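Number of protein chains: 2
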Amino acid sequence: MTTLVDAYPSRITTEPAVIERFEPVIHHPDGTASPGPASHDALVEYERDGYMVMESLFTQSEIDAYLGELAALARDPEVRRRPEAVVEPNSDALRSLFAVHRDNPLFHELSRDPRLVDIARQLLGSDVYVHQSRVNLKPGLTGQPFFWHSDFETWHTEDGMPRMRAVSASVVLTDNTEFNGPLMLIPGSHRWFVSCVGETPERNYEMSLKAQQIGTPDPANLEWLVAQGGIVAPKARRGSVIFFECNTMHASGVNLAPAPRSNAFFVYNSVDNQIGGPFAAPAPRPEYLASRDTITTLR
Amino acid sequence: MTTLVDAYPSRITTEPAVIERFEPVIHHPDGTASPGPASHDALVEYERDGYMVMESLFTQSEIDAYLGELAALARDPEVRRRPEAVVEPNSDALRSLFAVHRDNPLFHELSRDPRLVDIARQLLGSDVYVHQSRVNLKPGLTGQPFFWHSDFETWHTEDGMPRMRAVSASVVLTDNTEFNGPLMLIPGSHRWFVSCVGETPERNYEMSLKAQQIGTPDPANLEWLVAQGGIVAPKARRGSVIFFECNTMHASGVNLAPAPRSNAFFVYNSVDNQIGGPFAAPAPRPEYLASRDTITTLR
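Just so you know, the protein sequences line up as chains A and B, in that order. At position 234 of the first sequence (counting the first as 1) the number is 235 in our numbering, and the numbers step up by one without a gap. At position 215 of the second sequence (counting the first as 1) the number is 216 in our numbering, and the numbers step up by one without a gap.
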């Protein structure tokens with residue numbers, strides 16, 4: 002077994018730091034001319050901003066089917082008791098359910114849909130597999146905020162993902178408005194790795210999925226990122242998909258609207274970027290948070 | 002001493018209810034033709050929506066002076082230890098400081114400024130006094146959300162304000178954006194009183210100023226109000242003033258931007274609507290939350 006160099010140390014030092022990203026944003030050697038369904042313009046946007054919104058990738062009747070499945074899962078008290086379920090801190094409402102690509106036939110199919118997978122392959126320049134999946138309901142009037150964070154920081158420190166060669170696809174199931182706690186992103190933040198302070202406690206994920214504390218960026222570096230790129234909250238409509246780079250800093254506010262704000266969320270990782278042991282955590286996270294099943298390589 | 006009828010019962014019954022508002026929104030007998038600095042159009046808006054935004058009521062150098070004073074208050078550890086101070090639940094940062102119209106010379110002057118008082122008199126159709134004042138800092142990256150509520154519900158049950166004849170003036174000190182937890186309102190909600198369930202605990206204000214639980218509307222009636230009026234978040238610029246009716250349902254999200262979102266907040270009550278004993282609380286709240294000093298009637 003080879004020992005991997007920790008290219009992005011975090012949760013190790015006592016001072017926060019910013020490290021410039023080593024690898025490309027679009028991993029195909031042709032860069033923004035990478036062949037596939039995403040246009041050159043979309044790829045330019047993704048490379049520059051760390052995200053892109055693909056409108057109307059799914060039909061309204063497809064979205065209805067996903068929402069119906071989601072509602073059935075949310076109603077089922079058995080589902081809320083599974084380890085894969087996260088409930089709202091202030092209520093028993095289902096907030097997220099992980100590993101739906103593994104456990105749920107409909108979301109399994111969605112995770113393999115060429116409309117998602119072909120774009121992931123185009124961006125990552127290789128075959129891909131699902132590192133993590135979940136459905137997120139952000140219940141109306143109660144859905145709590147999520148502070149700024151880079152997903153890669155957690156996947157690196159806690160899951161052992163070596164490099165920034167993964168992309169998240171958020172299939173928008175309900176229109177994002179300024180009132181329902183939409184996804185907020187800092188454009189350009191994916192080019193910088195904010196090394197965080199603090200040590201990962203044991204079974205940190207049990208806390209961090211409710212309210213992340215360890216692995217959140219320090220205020221000074223966050224302010225620096227916002228000063229450069231600002232903040233955006235794409236008003237994506239249901240049926241569209243937000244693709245965002247694994248290291249793009251993002252957050253979401255409280256859902257103060259009556260209806261839930263929901264999405265289906267798939268993280269595609271390159272088969273050339275498979276996870277090993279955690280870089281800065283006492284033990285790997287469970288399979289439902291960080292899949293090691295890369296056998297069924299997608300397409 | 003005459004016993005007042007409880008026109009708006011709340012925190013008494015076991016079922017939530019909606020009561021239609023009895024009194025006018027504009028109390029001057031001429032209604033939207035009420036004489037004063039606010040235009041007829043502005044009054045029409047206020048009567049219909051329960052709020053209005055007056056742009057550029059204060060100059061940028063005046064706002065700089067208020068912000069300077071606010072920063073000095075926030076820096077002072079003595080201030081944070083006063084009973085009038087509320088700090089953020091997750092940090093020691095100053096969130097609000099009450100009774101600034103009483104304790105702080107600059108904000109005392111502001112509370113008596115004709116640009117505020119003359120509009121309050123125009124809306125309330127009488128002389129007015131300051132029922133409550135505060136400065137709100139919503140610190141960047143940490144400022145917590147506030148759930149939907151009607152201020153009148155609290156002022157009625159806990160302070161003994163008999164009728165809906167008060168108006169809040171929020172002097173905007175920092176631009177409101179969709180990212181810094183701006184004031185959100187439900188237009189038209191001021192026409193309905195949502196009677197809440199639950200009993201007011203002793204010294205409820207010690208909790209409720211951090212995160213209100215008692216006196217918040219039930220989800221079904223809230224959804225009904227939003228279905229009728231929607232949600233708005235005025236993108237008011239510094240120097241403008243948001244006037245909103247005492248019964249307008251409002252909320253605010255988390256401040257996910259790096260800079261604070263700040264305002265100076267004055268509640269003007271009609272001298273014909275002075276507070277008595279609480280309608281549904283074990284004891285009146287302290288003077289700094291509900292002033293009984295109506296001697297220095299304004300103008």
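We put the beta carbon where it would ideally sit given N, CA and C, even for glycine. The model shown is predicted, which means the values in this text are computed figures rather than measured ones.
Check, Outcome
"Alpha carbon of residue 119 (chain A) to alpha carbon of residue 11 (chain A), nearest angstrom", "32 Å"
"Assigned secondary structure, residue 227 (chain A) (DSSP; H/G/I helix, E/B strand, else coil)", "helix"
"Secondary structure of residue 18 (chain B), DSSP reduced to three states", "strand"
"Rounded C-alpha distance that separates residue 246 (chain A) from residue 258 (chain A)", "28 Å"
"Residue 46 (chain B) - DSSP class collapsed to helix/strand/coil", "helix"
"CB contact flag (residue 187 (chain A), residue 54 (chain A), <8 Å)", "no"
"Separation of residue 217 (chain B) from residue 199 (chain B), as counted between CA atoms", "10 Å"
"Closer than 8 Å at the beta carbon, the chain A residues around residue 258 (chain B)", "227, 232"
"Contact residues within the segment 119-151 of chain A, judged by C-beta distance below 8 Å to chain B", "141, 142, 146, 148, 149"
"For residue 243 (chain A), the three-state DSSP class (helix, strand or coil)", "strand"
"Whole-angstrom distance between residue 208 (chain A) and residue 35 (chain B), CA atom to CA atom", "56 Å"
"C-alpha gap between residue 81 (chain B) and residue 100 (chain B), whole angstroms", "14 Å"
"Check whether residue 57 (chain A) and residue 267 (chain A) have beta carbons under 8 Å apart", "no"
"Three-state secondary structure assigned by DSSP to residue 105 (chain A)", "coil"
"Cβ-based contacts, 7 Å cut-off: residues of the segment 173-185 of chain A near chain B", "179, 180, 185"
"Bounding residues of the alpha helix (DSSP H) (the contiguous stretch that carries residue 206 (chain B))", "206-209"
"Whole-angstrom distance between residue 110 (chain A) and residue 293 (chain A), CA atom to CA atom", "19 Å"
"Secondary structure of residue 266 (chain B), DSSP reduced to three states", "strand"
"Distance between residue 6 (chain B) and residue 234 (chain B) (C-alpha atoms, nearest Å)", "35 Å"
"8 Å Cβ cutoff met for residue 97 (chain A) and residue 173 (chain A)", "no"
"Within-8 Å CB hit, residue 223 (chain B) to chain A", "yes"
"Chain B contact residues for residue 220 (chain A), given Cβ-Cβ distances below 9 Å", "141, 142, 143, 259"
"Cβ neighbours of residue 125 (chain A) in the same chain (closer than 6 Å, five flanking residues each side left out)", "28, 166, 271"
"Boundaries of the alpha helix (DSSP H) in which residue 67 (chain B) is found, first to last residue", "61-76"
"Counted within 10 angstroms of its Cβ, other Cβ atoms place residue 288 (chain B) as buried (16 or more) or exposed", "exposed"
"Under 8 Å from the C-beta of residue 252 (chain A): neighbouring residues of chain B", "257"
"heavy atom of the ligand SAH below 7 Å from residue 221 (chain A) C-beta", "By its list of ligands, the structure shown contains no ligand whatsoever, and the ligand SAH lies outside what it can speak to."
"Sufficient close CB pairs (3 or more, under 8 Å) joining the segment 173-183 of chain A to the segment 31-47 of chain A", "no"
"Backbone CA spacing between residue 248 (chain A) and residue 223 (chain A) [nearest angstrom]", "13 Å"
"Beta-carbon proximity list for residue 278 (chain A), same chain, < 7 Å, skipping 5 on both sides", "161, 285"
"Cβ pair residue 281 (chain B), residue 133 (chain B) closer than 8 Å", "no"
"Which residues DSSP lists as bridging residue 250 (chain A), in chain order", "Per DSSP, none; premise fails for residue 250 (chain A)."
"Euclidean distance between Cα positions of residue 105 (chain A) and residue 210 (chain A)", "21 Å"
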